[in-house]
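Participant: Residue numbers (the working numbering), protein chains in the order written: chain A, 1 to 180; chain B, 1001 to 1242; chain C, 2001 to 2310; chain D, 3001 to 3591; chain E, 4001 to 4403.
Every residue gets a Cβ at the ideal spot worked out from N, C-alpha and C, and that includes glycine.
Submitted below is the structure of interest, expressed as structure tokens.
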Amino acid sequence: MNIELYKNLENSFGVTSLEVKNRNQSYIRVKKEMAVPLITHLKLVESYKHLSFFTIIDQIEKGEFELLYMLHSYSRNHDLGIIVSIERHETDMESIHHLWPAAETYQRELREMFGVEFPDSPGLYENFCLEGWEGIPPMRREFDTKRYSEDTFYKRPGRETNDPAKYMKEKIYPSEAETW
Amino acid sequence: MEKDMERRLYADTGAPEGSPVVNPDPRTLGDSSNIQLFNEQLKLLNSGLTEEDRLNFCDTPPEVIKPFRGHWENFLNWARSESLWILGFGTGCGAIELRPLMTSRFDMYQYGIQPRPTPRQSSIFVIGGYASVKTMKRIVRSYEQMQGPKFVLGLGSCTINGGMYYDSYNTVNRLDHYIPVDVYIAGCMPRPEALLAGLMELKTIIKEGRGEGANKYAENFEWYKANQKRIIKDWNMPDYNW
Amino acid sequence: MLSAILTKTFYTFISLMVILNYALLLIGSMARIRAKVQGRVGQPVWQPYIDIIKNYGKRTAVTHGVMFYLGPVFRLAGGLGTYLFMPVVYGFVMFENFSFSGDLLLVMYFIFFGQLGMALGAGESGHPYSPLGVSRGLAQMTAFELPFALAVISIVAQYGTLSITEIVAAQQGGWQNWVAFTNPFAMIAGMLAFLGMSMQNPFSVVIAPQEIPIGPPTEMHSAFLGMLQTNRAIFNGAKMVLFMNLFWGGATHKYLLVAILIMVVKTFLIYLYVNIVGASFPRFKTEQSIRFFLGVPTIIGIIAVILQSI
Amino acid sequence: MSLKDLVAPFMVWGRALQKPYTQKNPIITRPGADRYRGFHVNDIHKCVGCGTCEEICQNEAIDLVPVDGIETKHGDSGLRPKIDYGRCCWCALCVDICPTSSLGMSNEYIWIDSNPEVFRFIPGAENKTWDNSKKGYRRGEGYDLLEGQRVPMPMLSFEESQKTFIEMVQGFSREQALREADRCVSCGLCIATCPAHMDVPGYINAIRNDDMEEGLRIVYEANPLPASCGRVCSHACEDVCVMKHKGDALSIRWLKRYIVDRIYKGDYEKILSTGEAKNGKKVAIIGSGPGGLAAAYYLSLLGYEVTVYDSNEKAGGMIRYGIPEYRLPYEQVDKDIDYIKSLGVKIVQNTKIGEDLDFMELYNNNNAVFFSTGLKDPYGLDIPGEEFPGVTSGLSLLDDVTIGKTPDLGKSVVVVGGGNVAMDAARTSRRLNCEVTILYRRRIEDMPADVEEIHESQEEGCIIETQAIPLRIVKGDKTRLKLYWGRAEMVTDPKGGRPRPVLIEGSEEVIECDTVIPAIGQQADYSFLPEEIVNNIKFNRGMVEVNEYKQTGDLKIFAGGDIVNFKKDAISAIANGHSAAKGIDLYLNQL
Amino acid sequence: MVEKGCANLFTRSQKHINDNPKLPPIVNGRAKYNLESGKYLKIWQGPQHPGITGNMSLELTVCGDEIVDCKTHVGYLHRGFEKLMERRKYMQCFPIVCRIAVPEPDFNEYLFAATVEELAGIEAPERALWIRTLNLEMARLASFFMWLGGQSGSFGMNTQGQWTVTMRDYILDRFEELSGGRIYHMYMIPGGVRADLPSGFENRLLDTLKTCEKCLDDVELTMFNNSIFKKRSKGLGIIHPDIVDEFGITGPNARAAGFKRDLRKDEPYLKYDQLDFEIITGIDSDAYTRARVRLQEMYQSIDLIRQILAKMPKTGSFFTKLPNVLHWNIPEGQIYKKAECTRGEYGYYLRSDGSDKPRRIYVRGPSYTHAVSLMERLCIGGNISDTAGLMVSLHTYPPEVER
């Protein structure tokens, strides 16, 4: 990403923290309110026409979701990741389905997997991958998939394992007097 | 006397040695108290359907159908084993190895096995590995629509004990809790040869009269239903699909 | 009188058994030949028998209403009807069936009748793909009936009779007397229509597994399916015998066995022809199929009729 | 639509004339490829049950279970992997990572059953058809997930080292330590073998996390002398380290040393717990060697008032006086001892029990007595000429060097013996500019000294004569002494014991030397014990008999260190001290 | 002709959505049909349906034979890979990534290895990169053979499908030899590859290529010159060039619309910069053109494999030592890596928080847009007979949609 474009965006959209990975890839951060205007600008003016993907990274420690819009410009041959942080408890975000019809699918999935709402996105509340899901959305960090699996689906009983160190203590040094 | 005979015969075929789980006993598997509780809440009256739709579906549980006795049943079993029609439903990644098996390299037609596009006409259901909850719903429906005697082949490790998705929130761990399984094939993916060997094993089982999965399902119908409803949270389909 | 009826019944039974077994074996062996094209070995020749036995031997069956029951029965009746009103081997009482009392129109009616019965049964089944298949089937049937009817008209005009026995009789005396050579346009129109009638590619729109998983018989199972399979064998046999009679001089010889052998060879070749086309082409869409039948074959049929009328 | 489009499709029938693609009888005619990842095989006699396979398995498909016929012993947990084929995904990461390379995969792939419970098995222990399969997946050359080579320890060069008493081993840098710690697979097989059962994987993990404080805490749980042990421990743990099967064992000892080296002495108090409140009970400890100090440390943590009596000028016992400075610098010994002292342990120096203080006085004034007086009296060579001046002992040489005397060794020295003391004596002599020859009765591989000690002494220029039995010492002509020795041959023991050296009659060689240093072992001295106590305590071949809590026949007296165990090394003494501390606590709380 | 065709279909489907007063109102972005009216029939194509690729389903609303509304339902194969990877160590993720796209697992393996290597600062040896390139091309060929079978089968032509699946099987034989696995190769591990080429592998591979090429010639002759195949596939599912970017269409689907886009050329990864090939494009952007483009890419792939075998260094190390994989912490950072798979842009996004487990791995499968939003639009106005053919011509693999 050339510095000029970044400066430009910095001035107009308040873009921050440019992270250049290599010649073909960089990441920028932007505030929630400016995200969709920025993306619109990038698409319509700066030739970032291809939405590679759109996903969320759950930063549970910071109490926020990081939305990542990965745009690609064929003419610049450049990937631009736009990271937008939103509060974990205020989970709605402006939809971008009017820019890319395909984004509607991403937003459907994100609502299901993270519980982030995109008002006005068509078919947002339709099932995507899951059916009849109850409880917290599965891709959130606090959801423990292994525990859920053990609680919901029967595990085949009859397995037990031994820790080598503990087993050796029992076998060779069972005495209380030993120092471990 | 004859009745006794019949019962014994059925008991013989019903509980073959060494395959306790082909005929799962509700009292020994799973958390029995839980199931009991569940059974009480379980209203097997097509309660997932609307009033209107309910009229379209049958509302009686399946019945155990006794096999004929003697040579006639043996003959039918022979025919069943030599004409295995696989339901064309690739439920998981196992479907990828069905393709070579169906086509010229391994050509399962020469063993009397062929795919069939509709559950009504099929006799084997090959569960291709892991079954996600959403697919499980379709598996149950498809399985129930198949006409007995019907057989289930658990392909790959995921059907045995969850396989590599043992900790996934969306795949079942033990297939035998939801539908009766006749043969398991270990592997991930099992090669087409393993699948073929599994089908051959299934043939032997059918010829020996041990392929009574449909009757097992009818016998333990409530147990299976309880298990199914435990994982399928939005039960909006009929309880009796035949 | 009684003994005559009994004899007739017995002969009919034999004739039916022969055609049933022959058709089943034919289906089985043709599956093997098609398998060769696909580069594989293929199913055993007797596989259709086992399939039928298995289907009759299924323990459970579900009905969707009275028509659902009657569908396969009508279908089977259609197949039997088609078969029973024409001579299989010309000149032998045992294999002439009831051809004395039936004619081409009756046979054509029966070809329709089975389809209609099936349509009713499939409609009752409640599966959305069944009516789709039925509508496709009926649409296509109407289309291929046209060249077929034209071919038939042409033959009727040629020989001035509707009786199949007489048509066959008129073709005796060497291959140059066969309709195929005396009236080649009718033959071409008829054989093209036959492609549609036999529901093989490219005219397999009715069962089209990739589109409407096998269409009308989607819900048919167990004994119903067994019945359909039985019918499929008899009906296939009947159609081939019909076409053999109409265009390829029928089958006759002074020895019964040789006559049957001739019948076998001729029908085998007719069936092979269907399969040669079937293995080479994909499937038409319904409207493409209709458009096809209403195009070249119909024109050829019209030409055949015109040629015979002048 | 061209004619070609109409005709070309019929070309498919060309295929009908060719051979079908179909594989005939594929199950038989198409075995898995040579590298196929089929069912597991395991050489259960090679396997040591380290559990690394269980660790890497992302499907939790592997359990470790006991197997009949496999015993739990040092370096082998006796457990073997049991694989659940209801979980396995045949990724073969377990095969790749197996440190002993015992695990592999055959090219068999068909396992069919109608009972889902049977798909679990212990490869190698249950007779399966594929057990002896040579084909199938094995970890190939040039691909390895684990590092078999140690990170080399920076050391003084041998030219330099033989001239100076500066510590030879310089210790890991942070980066080296991280790299070395990274090699650990955290199997924990070493814990059982370490006499003190230190939580080795625990502190190595702390190093990896760069958390030295946690590391120190873990170390002190089982060893209060880590600075010393980190240098001179006999590291039995490294002998059983699973990484040894891949090449070099992990440098467990150096890593321990790394933790201690990274922490300033003054910070110990902040990091380590100071133990329970004082409970007013008193315990006397005789001997300030590792055993005594360990007992003192753990007892004081438990709240006892501990007094240590020692005959030397400084505390430490053998680790100070028996180990030369180039291996264990004195300030490191001080570092350990000072911390123990800082907990309130009193150490009374220059007090020899039996001479300066009566044993019974201790016995009566304290609630319990622990003694680990060690082995002090060196064995003599038992040959003619032993009494000549110039014949000294290994221990007294080391002693002298420690207290600052320069012993008179002359120009050339012969050390007799093959233990660590012999090596220390030889290398110390070397540093005092002597020519050194080491005579040992057996073969070099029988030497009890550490392998690296032997190697280093050779590198420093000591000549080792093996299978050499000293015969007599006479006055020399040019030199002070002449040592006659004969060659020995190894005779296998018919009973299956280790081979015995037997003198070859008539073989005799001579070495001219100034000093002969026998270092062939020491024995204990119990003369300080009064009669009535000796009667209570049982002895067995010069060693005190104790129970598991190191309690002697006299319930109030506990003993530890070289006088009770056969290993006779510092870490065993520490373990004894720790056990005794537990025992004393138990004993006093029962009263 | 092309432009006209495209515009025609595009406006037609747009019309169906917006203008036609006969069509029902749109609620929440979706058309609402009154199924009671008897005019429409709702049918499900899948998940249990021979005409569907893999385990997914299309909910079709039809009016006669014409589709007026289509909804794609996925999730039947959802296993939550991204969640599972969050609780696995980096090396433990390695066996599971290949399960994301069953018929073509190698791109997952490569991309996962590449992202991890990039963030960990590891470089795979030269020979490993060549072997990976070889592997990816073999996978491309195998995957296309599978697709070719599907494409012919979806129009009811079973013959060629039988051959091509066998050809794929022959390639899988080579894979099995190379990696020890038939379907899931688990071969491209972070740090390189797991084993060297077995002895004699090159020759056997070349033999297989010869067989494949011959079969391709046969298919080319009998399928691409087949009047009925042409009739059915020409003009089917035209993707207008204007909607290529709107729907995120990549790969042969975009190239058939005339876009010269190929990541192998645009952002060369592995050893593609040293190989000699051209981007293959089409003009008509219908099912037939897409099939043509793919067929040519198969020939190209065969050629590339031959080039790779010729240019590859014959010896050398194929694996770099990794840190101990049992506790391999990867420095904090993020990276997106992509590769041109058979279906388009396949991408892995990896975010690391410095621990031994990935913070987030996002898998971008090209089918995500192709199978869902694009399929839903292209279906409208079409015939139910064509859905299977259309679907296959978009070349979608459901497991990479739902992951």
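When you compare the CB of V2296 (chain C) with every CB in chain D, is at least one pair closer than 9 Å?
Facilitator: Position 296 of the third sequence holds residue 2296 (chain C). Not one chain D Cβ lies under 9 Å of V2296 (chain C).
Participant: Are the C-beta atoms of K2036 (chain C) and some chain D residue less than 9 Å apart?
Facilitator: Counting from one through the third sequence, the residue named residue 2036 (chain C) turns up at place 36. It does: the Cβ of K2036 (chain C) has a partner Cβ on chain D nearer than 9 Å.
Participant: Would you be able to state if there are at least three C-beta pairs under 8 Å between the stretch 3056–3063 of chain D and the stretch 3163–3182 of chain D?
Facilitator: The stretch 3163–3182 of chain D vs the stretch 3056–3063 of chain D: no contact.
Participant: From the beta carbon of K166 (chain A), is the nearest beta carbon of chain E less than 9 Å away?
Facilitator: For the purposes of this step, residue 166 (chain A) is taken as residue 166 along the first sequence, with counting starting at 1. K166 (chain A) does not count as touching chain E.
Participant: Start and end of the alpha helix (DSSP H) containing F4452 (chain E)?
Facilitator: The displayed coordinates of chain E run from 4001 to 4403. Any statement about residue 4452 (chain E) would go beyond what the structure contains.
Participant: Which first and last residues belong to the alpha helix (DSSP H) in which V4244 (chain E) is found?
Facilitator: Translated into the one-based positions of the fifth sequence, residue 4244 (chain E) becomes position 244. 4243–4246 is the span of the alpha helix (DSSP H), which, as asked, contains V4244 (chain E).
Participant: Just checking: is the beta-carbon of S149 (chain A) within a distance shorter than 9 Å of some beta-carbon in chain D?
Facilitator: Start at 1 with the first residue of the first sequence, and residue 149 (chain A) comes out as number 149. Answer no: the Cβ-Cβ gap between S149 (chain A) and chain D never drops below 9 Å.
Participant: Take G2114 (chain C) as the anchor and find which of C:I2299, C:T2009, C:F2235, C:F2148 has the nearest alpha-carbon.
Facilitator: Counted from its first residue, the third sequence places residue 2114 (chain C) at position 114. Nearest C-alpha to G2114 (chain C): C:F2235.
Participant: Helix or strand or just coil, what does DSSP make of F1125 (chain B)?
Facilitator: For the purposes of this step, residue 1125 (chain B) is taken as the residue at position 125 of the second sequence. Correct three-state label for F1125 (chain B): strand.
Participant: Just how far apart, CA to CA, sit L4172 (chain E) and N1241 (chain B)?
Facilitator: Here residue 4172 (chain E) is taken as the residue at index 172 of the fifth sequence, counted from 1. Here residue 1241 (chain B) is taken as the residue at index 241 of the second sequence, counted from 1. In a straight line, the C-alpha of L4172 (chain E) is about 40 Å away from that of N1241 (chain B).
Participant: Could you tell me whether the Cβ atoms of I3571 (chain D) and N3223 (chain D) are closer together than 9 Å?
Facilitator: Translated into the one-based positions of the fourth sequence, residue 3571 (chain D) becomes position 571. Translated into the one-based positions of the fourth sequence, residue 3223 (chain D) becomes position 223. Against a cut-off of 9 Å, the Cβ pair of N3223 (chain D) and I3571 (chain D) comes out as a contact.
Participant: Taking the continuous beta strand (DSSP E) assigned at A3284 (chain D), which residues delimit it?
Facilitator: Your numbering for residue 3284 (chain D) matches position 284 in the fourth sequence. Here the beta strand (DSSP E) through A3284 (chain D) covers 3282–3286.
Participant: Please report the residue range of the alpha helix (DSSP H) in which P3600 (chain D) lies.
Facilitator: In this structure chain D extends from 3001 to 3591, so residue 3600 (chain D) is not present and cannot be described.
Participant: Out of curiosity, what's the CA-to-CA distance linking Y2271 (chain C) and W2175 (chain C)?
Facilitator: Residue mapping note: residue 2271 (chain C) aligns to position 271 of the third sequence, counting from 1. Residue mapping note: residue 2175 (chain C) aligns to position 175 of the third sequence, counting from 1. Straight-line Cα distance between these residues: approximately 19 Å.
Participant: What's the gap between the Cα of Y3203 (chain D) and the Cα of V3260 (chain D)?
Facilitator: Position 203 of the fourth sequence, counted from the first residue, corresponds to residue 3203 (chain D). Position 260 of the fourth sequence, counted from the first residue, corresponds to residue 3260 (chain D). Computed Cα separation, rounded: 11 Å.
Participant: Quick check: what's the CA-CA separation for E126 (chain A) versus L2076 (chain C)?
Facilitator: Counting from 1 along the first sequence, the entry for residue 126 (chain A) is found at position 126. Counting from 1 along the third sequence, the entry for residue 2076 (chain C) is found at position 76. Each residue's alpha carbon lies about 46 Å from the other.
Participant: For K3346 (chain D), does the three-state DSSP call read helix, strand or coil?
Facilitator: Reading the fourth sequence from its first residue, position 346 is the one you call residue 3346 (chain D). DSSP places K3346 (chain D) in strand when its eight states are reduced to three.
Participant: Give me the Cα-Cα distance between Q3523 (chain D) and M3543 (chain D), rounded to the nearest whole angstrom.
Facilitator: Position 523 of the fourth sequence, counted from the start, is the residue given in the question as residue 3523 (chain D). Position 543 of the fourth sequence, counted from the start, is the residue given in the question as residue 3543 (chain D). So the two alpha carbons sit approximately 9 Å from each other.
Participant: Kindly indicate if chain B contains any beta-carbon less than 9 Å away from that of L4058 (chain E).
Facilitator: In the fifth sequence, the residue the question calls residue 4058 (chain E) occupies position 58. Judged by the 9 Å Cβ criterion, L4058 (chain E) is not in contact with chain B.
Participant: Please classify L4394 (chain E) as buried or exposed, where buried requires at least 16 neighbouring CB atoms within 10 angstroms.
Facilitator: On the fifth sequence, residue 4394 (chain E) is found 394 positions in, with the first residue counted as 1. L4394 (chain E) is buried by the Cβ-count criterion.
Participant: At a cut of 8 Å, does the stretch 4137–4148 of chain E reach the stretch 1070–1085 of chain B through at least three beta carbon pairs?
Facilitator: Segments in contact, no.
Participant: Use the C-beta contact count for M3360 (chain D): other C-beta atoms within 10 angstroms, 16 or more gives buried, fewer gives exposed.
Facilitator: On the fourth sequence, residue 3360 (chain D) is found 360 positions in, with the first residue counted as 1. Exposed is the call here.
Participant: Whose C-alpha, out of D:V3436, D:N3420, D:A3192, D:D3399, is nearest the C-alpha of V3413 (chain D)?
Facilitator: Mapped onto the fourth sequence, residue 3413 (chain D) falls at position 413. Among D:V3436, D:N3420, D:A3192, D:D3399, the Cα nearest to that of V3413 (chain D) is on D:V3436.
Participant: Does the pairing of the stretch 2216–2236 of chain C with the stretch 3022–3040 of chain D give three or more beta-carbon distances under 8 Å?
Facilitator: Contact between the stretch 2216–2236 of chain C and the stretch 3022–3040 of chain D is absent, because fewer than three Cβ pairs lie under 8 Å.
Participant: Name the chain A residues whose beta carbon is nearer than 7 Å to that of K3582 (chain D)?
Facilitator: Position 582 of the fourth sequence, counted from the first residue, corresponds to residue 3582 (chain D). Near K3582 (chain D) (Cβ distances below 7 Å), the residues of chain A are A177.
Participant: With three or more beta-carbon pairs closer than 8 Å as the criterion, would you say the stretch 2245–2265 of chain C touches the stretch 2170–2189 of chain C?
Facilitator: Short answer: they touch.
Participant: DSSP state of C4006 (chain E), grouped into three classes?
Facilitator: Working through the fifth sequence from its first residue, we reach residue 4006 (chain E) at position 6. Because the pLDDT of C4006 (chain E) is 34, which lies under 50, any placement of that residue in the model is unreliable, and the question is left without a value.
Participant: What residue range does the beta strand (DSSP E) around T2082 (chain C) cover?
Facilitator: The count along the third sequence starts at 1 and reaches residue 2082 (chain C) at position 82. From DSSP, T2082 (chain C) is part of no beta strand (DSSP E) but of the alpha helix (DSSP H) over 2066–2084.
Participant: Examine chain D for any beta-carbon lying closer than 9 Å to the beta-carbon of G4192 (chain E), and answer yes or no.
Facilitator: For the purposes of this step, residue 4192 (chain E) is taken as residue 192 along the fifth sequence, with counting starting at 1. So yes, G4192 (chain E) belongs to the interface.
Participant: Determine the extent of the beta strand (DSSP E) in which Y4349 (chain E) is found, giving its start and end residues.
Facilitator: Here the question's residue 4349 (chain E) lines up with position 349 in the fifth sequence. Where Y4349 (chain E) is concerned, the enclosing beta strand (DSSP E) stretches over 4344–4352.
Participant: Helix, strand or coil, according to DSSP, for C1188 (chain B) in the structure here?
Facilitator: In the second sequence, counting from the first residue as 1, residue 1188 (chain B) sits at position 188. Correct three-state label for C1188 (chain B): coil.
Participant: Indicate whether at least one CB of chain C lies closer than 9 Å to the CB of K4210 (chain E).
Facilitator: The residue given as residue 4210 (chain E) occupies position 210 in the fifth sequence. K4210 (chain E) does not count as touching chain C.
Participant: Return the chain-ordered list of same chain residues with a C-beta closer than 7 Å to the C-beta of L1029 (chain B), the five sequence neighbours on each side being excluded.
Facilitator: Mapped onto the second sequence, residue 1029 (chain B) falls at position 29. Reliability fails at L1029 (chain B), whose pLDDT of 44 lies under 50, so the model's placement of it is uncertain and the value that follows must be treated cautiously. Result list for L1029 (chain B): empty, nothing under 7 Å.
Participant: Which runs of the alpha helix (DSSP H) spanning at least 4 residues fall entirely within the stretch 2113–2150 of chain C, listed in chain order?
Facilitator: Counting whole runs of 4 or more residues, the stretch 2113–2150 of chain C contains no alpha helix (DSSP H) stretch at all.
Participant: Does the stretch 26–38 of chain A touch the stretch 4284–4298 of chain E, meaning 3 or more C-beta pairs lie closer than 8 Å?
Facilitator: At 8 Å Cβ cutoff, the stretches do not touch.
Participant: Can you list, in chain order, the stretches of the alpha helix (DSSP H) that have 4 or more residues and sit fully within the stretch 2157–2244 of chain C?
Facilitator: List check, alpha helix (DSSP H) in window: 2164–2170, 2179–2182, 2184–2197.
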